Amino acid sequence: MDFKNSVPDRIRDLKQTIGEERAVSALSGGVDSSACTVLAHRAIGDNLKSIFIDDGLMREGEPQQVQKIFADLGIKVDIVDAADEFFAALAGKIDPEEKRKAFRDTFYSVFGREVRNSDARFLIQGTIAADILETTGGVKTQHNILEQIGIDPEAGYGFKVVEPIKDLFKPGVREVAAAVDLPEEIHQRMPFPGPGLATRVVGEVTPERVARVRRATTIVEQEILHLKPFQAFAVLLSDQATGVEEGRRKFGDIVIVRSVESQDALTAEASQVPWEVLQKIAHRIVTEIPEVVRVAYEITPKPPATIEYI
Ligand code: XMP
Numbered sequence: 201m202d203f204k205n206s207v208p209d210r211i212r213d214l215k216q217t218i219g220e221e222r223a224v225s226a227l228s229g230g231v232d233s234s235a236c237t238v239l240a241h242r243a244i245g246d247n248l249k250s251i252f253i254d255d256g257l258m259r260e261g262e263p264q265q266v267q268k269i270f271a272d273l274g275i276k277v278d279i280v281d282a283a284d285e286f287f288a289a290l291a292g293k294i295d296p297e298e299k300r301k302a303f304r305d306t307f308y309s310v311f312g313r314e315v316r317n318s319d320a321r322f323l324i325q326g327t328i329a330a331d332i333l334e335t336t337g338g339v340k341t342q343h344n345i346l347e348q349i350g351i352d353p354e355a356g357y358g359f360k361v362v363e364p365i366k367d368l369f370k371p372g373v374r375e376v377a378a379a380v381d382l383p384e385e386i387h388q389r390m391p392f393p394g395p396g397l398a399t400r401v402v403g404e405v406t407p408e409r410v411a412r413v414r415r416a417t418t419i420v421e422q423e424i425l426h427l428k429p430f431q432a433f434a435v436l437l438s439d440q441a442t443g444v445e446e447g448r449r450k451f452g453d454i455v456i457v458r459s460v461e462s463q464d465a466l467t468a469e470a471s472q473v474p475w476e477v478l479q480k481i482a483h484r485i486v487t488e489i490p491e492v493v494r495v496a497y498e499i500t501p502k503p504p505a506t507i508e509y510i
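Residues 201 to 510 in my numbering are what the sequence shown spells out, letter by letter.
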C-alpha cells in the first residue's frame, strides 16, 4: 500500500472527529507523535496545542531540539517540565512492569491536567500497530495503550484519545512523516520508547542513574549512528562489578551497549558493529563516566530478548 496517499484521508478523519473542539497533541519528537502532530495541525490549525512533556527521561538536549524542528514547520510546541513528578512516581520501584505503570499513570495525569488547562476534549497520540499488538499480546505494557487494555481515558483522565496512525507499522509511519514534510532527522529517527531512558535503567530510576545512562547514550549515538542501525543505545545495569583505577580496586557500574537491526521492532538481530567502534565506545564510556567500570556489547536477538531492558 502507498501510505503517503493516505494523508488527505487521515486529515479529513481528524477534522471530522475533532470538529470545532480543541485538542492537545502529545509530542515526544519521535516519528510517530511527530507525524500525528503535523496531521492534526493540518486538520485543525490553531485549535491544536502541541505539548512536549519533559519527563526528565529524554536524551541530551532533546526537548529544545524538538521545539526548534517544529518551530521551523510553523508549529509552536510548549515544553512542560514534569521531571520531578516522574522521578517521584518511579522512586523505589525495581519491577519493570511497576515502573512502566508508574510512568504511564504519571504521563496521563500530567497530560490530563494539560488537556483540561487547554480546554481540550481530545488527546492526539502516536500509537502504532506494533504497540497494540505487543500490549494486547502480553509482551509488555506500552505506556500509550489505554483503551486496548480496558482503561477508559475519559472516565479516568477526562479526555478522549485519538490515534490517527494506529493502523500503521514503522515503515508506513516514516512514509507518512516524509509526506507531511517532516525533516529527515525526524522521519528517519531511531525509535525511542515512550518511557524514555527509564526503559534502559535496570533497577531504580533516579535522576543520577538516568544522567549516567543519558551520557552513555550520547556516546553510543555519536559513535554508531553513521552505521544507521534500527536502534542503538546504552543501558545501565543494577549489578555492579569490580574494576581497577590507578592501581586500586574500584567497585562500579556496568553499562551494556545495544544496537539492533529490525524492520518493525517485533523481531530484531544484534548489529554487526565493527570492533574498533565498540572499543572506542567502551573507552569513551569508562573515561567520560567515572562511575562506570565495565562496558559490554549485547548480541541477543529478539526473541528471546526484547530490544529495551524493561
Ligand atoms: P521491545 O523492548 O519490546 O521494544 O523489544 C520494541 C520497540 O518498541 C519500543 N518501545 C516502546 N515504545 N512506548 C513506546 O512508545 C513504550 O512503552 C515502549 N517500550 C518499548 C522500543 O524502543 C522498540 O523500538
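The C-beta atom is built at its ideal place from N, Cα and C for all residues, glycine as well. Remember, predicted model here, so these are calculated numbers, not experimental data.
Chain-order list of residues whose beta-carbon lies under 8 Å from that of residue i (same chain, five-residue window excluded)
i: Q233; result: Correcting the residue identity first, residue 233 is Ser in this sequence and not Gln. These residues qualify, in order along the chain: S225, A226, L227, Q325 and G326.
i: V207; result: L239, V376, A379 and V380
i: K204; result: E375, V376, A378 and A379
i: A289; result: A302, F303, D305 and T306
i: K299; result: L290, K293, P395, A398, V405 and I510
Residues near residue i by beta carbon distance below 6 Å, same chain, minus five either side
i: R494; result: A441 and I454
i: L478; result: Y497
i: F430; result: V460, E461 and S462
i: R242; result: I211
i: R484; result: I419
i: V315; result: V224, L323 and F359
i: T237; result: S225, L227 and S250
i: G443; result: K450, G452 and V493
i: E446; result: none
Residue i vs residue j beta-carbon contact at 8 Å
i: I456; j: A434; result: yes
i: D255; j: G396; result: yes
i: A320; j: R210; result: no
i: G452; j: E491; result: yes
i: L214; j: I244; result: yes
i: A330; j: A235; result: no
i: I424; j: V373; result: no
i: I419; j: I481; result: yes
i: A470; j: V486; result: no
i: P296; j: I510; result: yes
i: I269; j: I386; result: yes
Contact test: residue i Cβ vs the ligand NAP heavy atom, cutoff 7 Å
i: A434; result: Ligands displayed in this structure: the ligand XMP; the ligand NAP is not among them.
Whole-angstrom C-beta distance between residue j and residue i, which should lie under 8 Å
i: G230; j: P391; result: 7 Å
i: E260; j: R414; result: 6 Å
i: E404; j: K301; result: In fact, because the Cβ distance is near 15 Å, the residues do not count as touching under 8 Å.
i: I328; j: F369; result: 6 Å
i: V361; j: L323; result: 5 Å
i: K428; j: T467; result: Contact doesn't hold; Cβ gap of about 18 Å is too wide.
i: L436; j: R458; result: With 8 Å as the limit, L436 and R458 do not qualify as a contact, their Cβ atoms being about 12 Å apart.
Sequence-distant residues of its chain with Cβ nearer than 7 Å to residue i (five each side left out)
i: P504; result: none
i: V529; result: In the structure as shown, the chain begins at 201 and stops at 510. Residue 529 is therefore absent and cannot be evaluated.
i: A282; result: I253, D254, D255 and V310
i: S149; result: Residue 149 cannot be examined here, being either before or after the span of the chain that is shown, 201 to 510.
i: E285; result: T306 and V310
i: Q264; result: none
i: P393; result: T399 and E508
i: T217; result: V362
i: I489; result: R412, R415 and A416
Proximity test, Cβ basis, 8 Å: residue i and chain D
i: V473; result: The structure shown contains no chain D; it holds only a single protein chain.
Give, in chain order, every unbroken run of the beta strand (DSSP E) that is at least 3 residues long and sits entirely within the segment 241-322.
248-254 and 277-281
Which ranges does the alpha helix (DSSP H) cover as unbroken runs of at least 4 residues, wholly within the segment 341-427, from first to last along the chain?
353-357, 370-379, 384-387 and 407-424
Three CB pairs or more closer than 8 Å across the segment 363-376 and the segment 265-274:
no
Whole beta strand (DSSP E) elements within the segment 475-503, 3-residue minimum
492-497
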